[in-house]
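**Q** Got a structure here, written out as structure tokens. Questions coming.
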Amino acid sequence: MNEEEENFSENSKNEQLEAFRSYDNRDKPLTTNQGLKMSEDEFSLKAGERGPTIMDDFHFREKMTHFDNERIPERVVHARGFAAHGEFEVYESMKPFTKAKFLQDPSVKTPVFVRFSTVVGNRGSKDTPRDVRGFATKFYTEEGNYDLVANNMPVFFIQDAIKFPDIVHAIKPEPDNEIPQATAAHDTFWDWVTQNQETTHMIMWLMSDRALPRSFRMMEGFGVNTFRFVNEEGKAYFVKFHWKPVLGVHSLAWEEAEIIGGADPDFNRRDLWDNINMGNPAEFELGVQIIDEKDEFKFDFDVLDGTKLWPEEEVPVKIVGKMTLNRNVDYFFGETEQVAFHPANIVPGIDFSNDPMLQGRLFSYLDTQILRFGSPNHHELPINRPVCPFFNNQRDGFMRQTINKGNVAHHRNAMANNSPSPVSESEGGYAHYQEKVEGHKIRARSDSFKDHFSQAKLFWNSMSEPEKQHIIDAFRFEVGKVKSKDVKQRVVDMFANVDVDMTAAFAETIGCTPPSSGGSTETKQSPALSQANTTKSAQTRKVAIIVADGYDGQKVESMMDSLAAAGVDPRVLSDRLGTIMGVNDSKVEAKHTFQTDASVVFDAVYVDGGKNADAMFERGATKFMRQAFEHFKPIAASNEGLQWLKKQNLADGLGVVQGDNHTDFVQPFIEAIAAHRFWERQLV
Ligand code: HDE
Numbered sequence: 001m002n003e004e005e006e007n008f009s010e011n012s013k014n015e016q017l018e019a020f021r022s023y024d025n026r027d028k029p030l031t032t033n034q035g036l037k038m039s040e041d042e043f044s045l046k047a048g049e050r051g052p053t054i055m056d057d058f059h060f061r062e063k064m065t066h067f068d069n070e071r072i073p074e075r076v077v078h079a080r081g082f083a084a085h086g087e088f089e090v091y092e093s094m095k096p097f098t099k100a101k102f103l104q105d106p107s108v109k110t111p112v113f114v115r116f117s118t119v120v121g122n123r124g125s126k127d128t129p130r131d132v133r134g135f136a137t138k139f140y141t142e143e144g145n146y147d148l149v150a151n152n153m154p155v156f157f158i159q160d161a162i163k164f165p166d167i168v169h170a171i172k173p174e175p176d177n178e179i180p181q182a183t184a185a186h187d188t189f190w191d192w193v194t195q196n197q198e199t200t201h202m203i204m205w206l207m208s209d210r211a212l213p214r215s216f217r218m219m220e221g222f223g224v225n226t227f228r229f230v231n232e233e234g235k236a237y238f239v240k241f242h243w244k245p246v247l248g249v250h251s252l253a254w255e256e257a258e259i260i261g262g263a264d265p266d267f268n269r270r271d272l273w274d275n276i277n278m279g280n281p282a283e284f285e286l287g288v289q290i291i292d293e294k295d296e297f298k299f300d301f302d303v304l305d306g307t308k309l310w311p312e313e314e315v316p317v318k319i320v321g322k323m324t325l326n327r328n329v330d331y332f333f334g335e336t337e338q339v340a341f342h343p344a345n346i347v348p349g350i351d352f353s354n355d356p357m358l359q360g361r362l363f364s365y366l367d368t369q370i371l372r373f374g375s376p377n378h379h380e381l382p383i384n385r386p387v388c389p390f391f392n393n394q395r396d397g398f399m400r401q402t403i404n405k406g407n408v409a410h411h412r413n414a415m416a417n418n419s420p421s422p423v424s425e426s427e428g429g430y431a432h433y434q435e436k437v438e439g440h441k442i443r444a445r446s447d448s449f450k451d452h453f454s455q456a457k458l459f460w461n462s463m464s465e466p467e468k469q470h471i472i473d474a475f476r477f478e479v480g481k482v483k484s485k486d487v488k489q490r491v492v493d494m495f496a497n498v499d500v501d502m503t504a505a506f507a508e509t510i511g512c513t514p515p516s517s518g519g520s521t522e523t524k525q526s527p528a529l530s531q532a533n534t535t536k537s538a539q540t541r542k543v544a545i546i547v548a549d550g551y552d553g554q555k556v557e558s559m560m561d562s563l564a565a566a567g568v569d570p571r572v573l574s575d576r577l578g579t580i581m582g583v584n585d586s587k588v589e590a591k592h593t594f595q596t597d598a599s600v601v602f603d604a605v606y607v608d609g610g611k612n613a614d615a616m617f618e619r620g621a622t623k624f625m626r627q628a629f630e631h632f633k634p635i636a637a638s639n640e641g642l643q644w645l646k647k648q649n650l651a652d653g654l655g656v657v658q659g660d661n662h663t664d665f666v667q668p669f670i671e672a673i674a675a676h677r678f679w680e681r682q683l684v
């Protein structure tokens, strides 16, 4: 057993799942679900070879009935998702702030299951729409399941959960014709936006590069709502949760995302699946922002307002642990589809705040699972079971699996010694934080929630020039798609409250009157919000190496070796699959062609060409490089490749590497790959 296998066998969730796994149907007789071996599976039972099928055919009926019922309702939001298993470990005890057991001991590895998702599209939609991404984590702790149900943006569209059905109805395809799929670029959404100005800040995030993650492995996660940490002494703190990706936060270019939607609709899931299979786990650090309860009113935002972030420069993110996703699922439906998250799944040491959005979530998730599974027993499904034992008097319901022995299912009882019985806090019993609450029953919102523009402006102020341009372009596209001139003008008037120059930059292109005055006076910036300041790394980046017969063996080999040594994933591409012959007897296997793979699914491209490359090859390679250039990607070229690049006048562009020897060619290319994109090309 190698070390990795040993860790897996120590993972209590994996051990538990093992009991439910069914291995390999190979060499087994085909049976019905009742275990009856069958002698035939291709012909239904008929009265005569050309006659009608008869009712005796229980095998046909069982097989067809099962098939007819193979679908469950998809999630009303976050329908399209992809998940992986892993582990979480805390770096140092969080005892001063919380008594949550999984945050105490650095030697404990807590199994986790994480499902990433898009929000708006159907299960079968694409991975790369402009959208928020879900980032839901189930920690299988020894005190029960703890679910951190997060998004890749730190704020949300609304302040009160009662508006959730409205925002979702507005952003989903329109109800008359179910068009458009997986996009906010339509009238009902923008109409809703202009009637609900609390959404301003979130729209800035949605128009930004954050809505187009390059990879699930390269995006942040945010718990959004404010929770509470409670320590052993009963002292409470407000807390916001963060996931920080070890590879940094990186995004696709908009046009690239659109083309990928056709070239590889599974782009993000494939990226996670392939990388885990290649031994590249997805790694995230857990961070917490903590505010002492006595400081609740010290800030210019309300800590209970889910449309506000806590600027990291004001409330630092304390990094407290690391999550490693290192194992793919065995069965998509059984794990990824059947996993059921719920923000109310918590453990002692974690509690809620009065954030009105969070309060509504505490109702909605359990409710929606009952539709999805048709049963309150979904906690019994293998993926949802806690790894610790659970006992209570709940019984029956659709698809109940547990055989509870005994005749007592009531509490209090004397017949079973009043068990199972609640235990005290000191024995691990959950007790709600005794916050003092008083007030009138009232349908209203505190004035402290009413500033909708300052943080939207803070976000705008914090963006680099290319990021600002991307936001303007996104408004041009999204609002440009709106048919109603009235709605479009209202969008312009609304966003003038954030920044007049930004709004003027898209107003005319969408046929509206630009604003002449207005704008938030907020001058603060938060550098942590800009992706320009994120971690840079070439690790796991996918690079196309384009070669034809007669390629420069030495150069290509040296490039590929160095890329692999830097953790890059080089993929050979040519005009045919199979062995490509270089000079000096060198050869490589091409696993991709101009037909099978588009430039958009790679992070960078290196073209050497080859002495035997014909005009058709040159056209293919040139198209590849041009597209990579237009999507701001690093390009390296040598020999024929360099000539082709020069013909296109691209050779001297920013992020384009050329040269003859290792030092002025390979290393700069690796650095260019780590830089991710050369967005400034757009501004030239
Ligand atoms: Fe959700 N959300 N949400 N949400 N949410 C659901 O629950 C809801 C919100 C998030 O991979 C649903 O099981 C309300 C914020 C993720 O299975 C549903 C409100 C955040 C996922 C629901 C919110 C999220 C969901 C649909 C208050 C980030 C996918 C299916 C306005 C912190 C989990 C389901 C998975 C899923 C309700 C807002 C994250 C309907 C009422 C804020 C990642 O219950």
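Residue 1 is where the sequence shown starts when you use full-length UniProt numbering, and the numbers rise one by one after that.
The beta-carbon is built from N, C-alpha and C at its ideal position, and this holds for glycine as well.
Here the structure is a predicted model, which means the values were calculated and not measured.
Can the beta-carbon of residue 497 be found closer than 8 Å to that of residue 511?
**A** Position 497 of the sequence shown, counting from 1, holds the residue named residue 497. Position 511 of the sequence shown, counting from 1, holds the residue named residue 511. The answer is no: Cβ separation not under 8 Å.
**Q** Roughly how many angstroms lie between the CA atoms of residue 121 and residue 266, to the nearest whole one?
**A** As a working note, residue 121 is residue 121 in the sequence shown. As a working note, residue 266 is residue 266 in the sequence shown. Straight-line Cα distance between these residues: approximately 13 Å.
**Q** Could you give the residue range of the beta strand (DSSP E) that holds residue 682?
**A** Taking the sequence shown and counting its residues from 1, the one referred to as residue 682 is at position 682. Where residue 682 is concerned, there is no enclosing beta strand (DSSP E), given that its DSSP letter is neither H nor E.
**Q** What's the gap between the Cα of residue 14 and the Cα of residue 587?
**A** Here the question's residue 14 lines up with position 14 in the sequence shown. Here the question's residue 587 lines up with position 587 in the sequence shown. In a straight line, the C-alpha of residue 14 is about 42 Å away from that of residue 587.
**Q** Evaluate contact between the region 245–257 and the region 207–217, counting only Cβ atoms and requiring at least three cross-stretch pairs below 8 Å.
**A** Touching, yes, given that three or more Cβ pairs across the two stretches are closer than 8 Å.
**Q** Measuring CB atoms only, is the region 139–151 touching the region 339–350, in the sense that at least three cross pairs come out at less than 8 Å?
**A** Result yes; three or more Cβ-Cβ pairs closer than 8 Å.
**Q** Look at residue 631 and residue 583 and say whether their C-beta atoms are less than 8 Å apart.
**A** Position 631 of the sequence shown, counted from the first residue, corresponds to residue 631. Position 583 of the sequence shown, counted from the first residue, corresponds to residue 583. Going by C-beta atoms, residue 631 is not nearer than 8 Å to residue 583.
**Q** Identify every run of the beta strand (DSSP E) within the region 293–359, keeping only runs that are complete inside it and at least 3 residues long; order them along the chain.
**A** Listed in chain order, they are 318–328, 350–352.
**Q** Confirm, please, whether the CB-CB distance from residue 452 to residue 197 is below 8 Å.
**A** Within the sequence shown, residue 197 is the residue found at index 197, counting from 1. Within the sequence shown, residue 452 is the residue found at index 452, counting from 1. A contact, by the Cβ cut-off of 8 Å.
**Q** Return helix, strand or coil for residue 6, following the three-state DSSP convention.
**A** Along the sequence shown, read from residue 1 onward, the residue named residue 6 stands at position 6. Note that residue 6 has pLDDT 45, beneath the 50 cutoff, so the model's placement of it is unreliable and the number below is only indicative. Helix at residue 6.
**Q** Please classify residue 433: does DSSP put it in a helix, a strand, or coil?
**A** Position 433 of the sequence shown, counted from the start, is the residue given in the question as residue 433. DSSP places residue 433 in coil when its eight states are reduced to three.
**Q** May I ask which residues mark the beginning and end of the alpha helix (DSSP H) holding residue 210?
**A** As a first step, residue 210 must be located in the sequence shown, where it is residue number 210. It is not in any alpha helix (DSSP H) - residue 210 carries neither H nor E in the DSSP assignment.
**Q** Check this for me: beta carbons of residue 228 and residue 353, under 8 Å apart or not?
**A** Locating residue 228 in the sequence shown gives position 228, counting from the first residue. Locating residue 353 in the sequence shown gives position 353, counting from the first residue. Yes, the pair counts as a contact, with Cβ atoms nearer than the cut-off.
**Q** Should residue 208 and residue 478 be called a contact, given that it needs their Cβ atoms to be closer than 8 Å?
**A** If you number the sequence shown from 1, residue 208 lands on position 208. If you number the sequence shown from 1, residue 478 lands on position 478. No, the pair does not count as a contact, with Cβ atoms beyond the cut-off.
**Q** Is residue 21 near the ligand HDE, going by C-beta to nearest heavy atom under 7 Å?
**A** Numbered from 1 along the sequence shown, position 21 holds the residue referred to as residue 21. No, since every heavy atom of the ligand HDE falls outside the 7 Å radius drawn around the Cβ of residue 21.
**Q** Report the option in 171, 253, 415 whose CA atom is closest to the CA atom of residue 407.
**A** The sequence position of residue 407 within the sequence shown is 407, counting from 1. Nearest of 171, 253, 415 to residue 407, Cα basis: 415.
**Q** Is it true that the region 666–680 meets the region 638–652, where meeting means three or more beta-carbon pairs spaced less than 8 Å apart?
**A** No: the two stretches stay apart, fewer than three of their Cβ pairs being nearer than 8 Å.
**Q** Compute the minimum distance between the beta carbon of residue 535 and the heavy atoms of the ligand HDE, and state whether it is under 7 Å.
**A** Taking the sequence shown and counting its residues from 1, the one referred to as residue 535 is at position 535. Residue 535: no, Cβ never under 7 Å from the ligand HDE.
**Q** Are the region 433–441 and the region 475–492 in contact at 8 Å, needing three or more beta carbon pairs?
**A** Taking 8 Å as the limit for Cβ pairs, the verdict is that the region 475–492 does not touch the region 433–441.
**Q** When the Cβ atoms of the region 566–575 are set against those of the region 532–542, are three or more pairs found closer than 8 Å?
**A** In short, these stretches touch, since the Cβ pair count reaches three.
**Q** Does the beta carbon of residue 352 fall short of 7 Å from some heavy atom of the ligand HDE?
**A** Along the sequence shown, one-based indexing puts residue 352 at 352. Answer for residue 352: no, Cβ out of range of the ligand HDE.
**Q** At a cut-off of 7 Å, is residue 134 close to the ligand HDE when judged by its beta-carbon and the heavy atoms of the ligand?
**A** For the purposes of this step, residue 134 is taken as the residue at position 134 of the sequence shown. Yes, the Cβ of residue 134 comes within 7 Å of a heavy atom of the ligand HDE.
**Q** Does DSSP classify residue 472 as helix, strand or coil?
**A** On the sequence shown, residue 472 is found 472 positions in, with the first residue counted as 1. Residue 472: helix per DSSP, three-state reduction.
**Q** Assuming residue 535 is part of the alpha helix (DSSP H), what are its boundary residues?
**A** Your numbering for residue 535 matches position 535 in the sequence shown. Element bounds for residue 535: n/a, residue is neither H nor E.
**Q** Can residue 85 be considered in contact with the ligand HDE, in the sense that its beta carbon sits closer than 7 Å to one or more heavy atoms?
**A** Within the sequence shown, numbered from 1, the residue matching residue 85 stands at position 85. Result no, Cβ not under 7 Å from the ligand HDE.
**Q** Could you give the DSSP three-state label for residue 526: helix, strand or coil?
**A** Here residue 526 corresponds to residue number 526 of the sequence shown, with the count starting at 1. Three-state result, residue 526: coil.
**Q** Using 8 Å as the threshold, is the C-beta distance between residue 139 and residue 108 below it?
**A** The residue labelled residue 139 in the question sits at position 139 within the sequence shown. The residue labelled residue 108 in the question sits at position 108 within the sequence shown. No. Outside cutoff.
**Q** So for residue 1, helix, strand or coil by DSSP?
**A** On the sequence shown, residue 1 is found 1 positions in, with the first residue counted as 1. Unreliable positioning characterises residue 1 in this predicted model, as indicated by a pLDDT of 40, which lies under 50. The coordinate reading is nonetheless provided below. Residue 1: coil per DSSP, three-state reduction.
**Q** With C-beta atoms as the reference, is residue 616 less than 8 Å away from residue 648?
**A** The sequence position of residue 616 within the sequence shown is 616, counting from 1. The sequence position of residue 648 within the sequence shown is 648, counting from 1. Against a cut-off of 8 Å, the Cβ pair of residue 648 and residue 616 comes out as no contact.
**Q** Quick test of your reading: residue 86 and residue 281, contact by CB under 8 Å. State the CB separation rounded to the nearest angstrom.
**A** Working through the sequence shown from its first residue, we reach residue 86 at position 86. Working through the sequence shown from its first residue, we reach residue 281 at position 281. That belief holds up - the Cβ atoms of residue 86 and residue 281 are roughly 7 Å apart, short of 8 Å.
**Q** On the premise that residue 575 lies in contact with residue 620, defined as a C-beta separation below 8 Å, what is that separation, rounded to the nearest angstrom?
**A** Within the sequence shown, numbered from 1, the residue matching residue 620 stands at position 620. Within the sequence shown, numbered from 1, the residue matching residue 575 stands at position 575. Contact flag correct, Cβ pair sits at about 6 Å.
**Q** Roughly how many angstroms separate the alpha carbons of residue 425 and residue 431, rounded to a whole number?
**A** As a working mapping, residue 425 is identified with position 425 in the sequence shown. As a working mapping, residue 431 is identified with position 431 in the sequence shown. Computed Cα separation, rounded: 6 Å.
**Q** Is the separation between the beta-carbon of residue 276 and that of residue 225 shorter than 8 Å?
**A** Within the sequence shown, residue 276 is the residue found at index 276, counting from 1. Within the sequence shown, residue 225 is the residue found at index 225, counting from 1. Not closer than 8 Å, so no.
**Q** If you draw a straight line from the C-alpha of residue 529 to the C-alpha of residue 614, how long is it?
**A** Indexing the sequence shown from 1 puts residue 529 at position 529. Indexing the sequence shown from 1 puts residue 614 at position 614. Taking the straight line from one Cα to the other gives about 47 Å.
**Q** Is the CB-CB distance between residue 727 and residue 223 below 8 Å?
**A** This structure leaves residue 727 out entirely; the chain is present only between 1 and 684.
**Q** When burial is assigned at 16 or more other CB atoms within 10 Å of the CB, is residue 58 buried or exposed?
**A** On the sequence shown, residue 58 is found 58 positions in, with the first residue counted as 1. By the neighbour-count rule (16 or more Cβ atoms within 10 Å), residue 58 is not buried but exposed.
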